[in-house]
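Heads up: the sequence shown begins at 33 in this note's numbering, then just goes up one per residue.
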Amino acid sequence: MMPHLRGIGMTSQRTRDRMIARLTEQGIRNPKILEVMRNTPRHIFVDEALASRSYEDTALPIGYNQTISQPYIVAKMTELLLELGPLQRVLEIGTGCGYQTAILGQLVEHVYSVERILPLQRKAITRLWELRIKNVSYLHNDGGWGWPDYAPFDGIIVAAAPQIIPQILLQQMAIGGVMIIPVGNDDRQKLHRVIRNANEFSIEELEAVSFVPFLSGRE
Ligand code: SAH
């Protein structure tokens, strides 16, 4: 492995192992997710100046007013997404720095990742290429449109909070599919899990979270 991927000091394997121990204490149980997060260098997803903080359980700025989600949230959302069984096709809204994308890419068959800010997505593409994660397709667009060409998806994961669940994303879920999405305004957001059954959607409200807003249009 390339030295900068392996990391040293605050980005070393030991620091990464501590992050995994913390995730376990926080209730993350899925061994595959813990293993993938143990082996994925989170420090390459943030600016070099912030690399030493990249394994702390905190969100960090990635530019363009956006943040990389804290490790617990990435782990929790991935665990909820995969809880009902393995997934083939997963739509991700909000590529951001690509960290969540890299984790998903190692756990599902194919990831379709949509981001509205082009320079962020470009950097993410470079990083995943460096990690040799190749089962990801990227689209620069407003994720409110989903990705109709590849719908329906058996999983959808959304990294920004809309006020209400976008109808178009519900329509792009397969029967039996699952969506993990934060919903609410800046002061009050709840993580939701939606499951599409043959005749209806079942919606569960889960824990309180804090995501950047789901915005429309492209930049
Ligand atoms: N999982 C990412 C989270 C990044 S923050 C990471 O760990 O880096 C959320 C991302 O969602 C931002 O990059 C933001 O630009 C993007 N976003 C917000 N609204 C969006 C929309 N409507 N369509 C696509 N991406 C969106």
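Every residue, glycine too, gets a C-beta built ideally from N, C-alpha and C.
Only a predicted model underlies this, so the values are computations on that prediction, with no experimental measurement involved.
Since residue 68 is in the alpha helix (DSSP H), which residue starts that stretch and which ends it?
Mapped onto the sequence shown, residue 68 falls at position 36. Segment 63-71, the alpha helix (DSSP H) holding residue 68.
Identify the continuous beta strand (DSSP E) that holds residue 142 and give its terminal residues.
For the purposes of this step, residue 142 is identified with residue 110 of the sequence shown, where counting begins at 1. From DSSP, the beta strand (DSSP E) with residue 142 extends over 142-147.
Could you tell me which of 160, 44, 199, 232 sits nearest to residue 129, measuring between CA atoms?
Here residue 129 refers to the residue found at position 97 of the sequence shown. Among 160, 44, 199, 232, the Cα nearest to that of residue 129 is on 160.
Could you round the C-beta distance between residue 197 and residue 226 to whole angstroms and report it? I think they count as a contact, below 8 Å.
As a first step, residue 197 is located in the sequence shown; it is residue number 165 there, counting from the start. As a first step, residue 226 is located in the sequence shown; it is residue number 194 there, counting from the start. Their Cβ separation, rounded to whole angstroms, is 7 Å, which keeps residue 197 and residue 226 in contact under 8 Å.
Counting pairs of beta carbons, one from the segment 146-161 and one from the segment 113-128, are three or more of them closer than 8 Å?
yes
So what does DSSP say about residue 106, is it helix, strand or coil?
By one-based count along the sequence shown, residue 106 stands at place 74. Helix at residue 106.
Would you report the Cα separation of residue 215 and residue 244, rounded to the nearest angstrom?
Taking the sequence shown and counting its residues from 1, one reaches residue 215 at position 183. Taking the sequence shown and counting its residues from 1, one reaches residue 244 at position 212. Those two C-alpha atoms are separated by around 11 Å.
Is residue 103 near residue 51, with beta carbons less than 8 Å apart?
Here the question's residue 103 lines up with position 71 in the sequence shown. Here the question's residue 51 lines up with position 19 in the sequence shown. Closer than 8 Å, so yes.
Three-way DSSP call (helix, strand, coil) for residue 246 in this model:
Translated into the one-based positions of the sequence shown, residue 246 becomes position 214. Looking at residue 246 - three-state DSSP - the assignment turns out to be coil, as it is neither helix nor strand.
The alpha helix (DSSP H) that contains residue 158, what's its start and end?
By 1-based counting over the sequence shown, the position of residue 158 is 126. Where residue 158 is concerned, the enclosing alpha helix (DSSP H) stretches over 150-162.
Can you tell me whether residue 169 is helix, strand or coil according to DSSP?
Taking the sequence shown and counting its residues from 1, one reaches residue 169 at position 137. Residue 169: strand per DSSP, three-state reduction.
If the criterion is Cβ atoms closer than 8 Å, does the pair residue 143 and residue 122 meet it?
Reading the sequence shown from its first residue, position 111 is the one you call residue 143. Reading the sequence shown from its first residue, position 90 is the one you call residue 122. For residue 143 and residue 122, yes; Cβs fall inside 8 Å.
Extent of the continuous beta strand (DSSP E) run through residue 216:
On the sequence shown, position 184 is the one that residue 216 refers to. Taken as a continuous stretch (DSSP letters only), the beta strand (DSSP E) holding residue 216 covers 205-216.
Which residues bound the alpha helix (DSSP H) around residue 287?
Since the first residue of the chain shown is 33 and the last is 251, residue 287 is not available in this structure.
Contact test: residue 176 Cβ vs the ligand SAH heavy atom, cutoff 7 Å
Position 144 of the sequence shown, counted from the start, is the residue given in the question as residue 176. Yes, the beta carbon of residue 176 sits closer than 7 Å to at least one heavy atom of the ligand SAH.
Could you check what DSSP says for residue 45 in three-state terms: helix, strand or coil?
The residue given as residue 45 occupies position 13 in the sequence shown. Three-state result, residue 45: helix.
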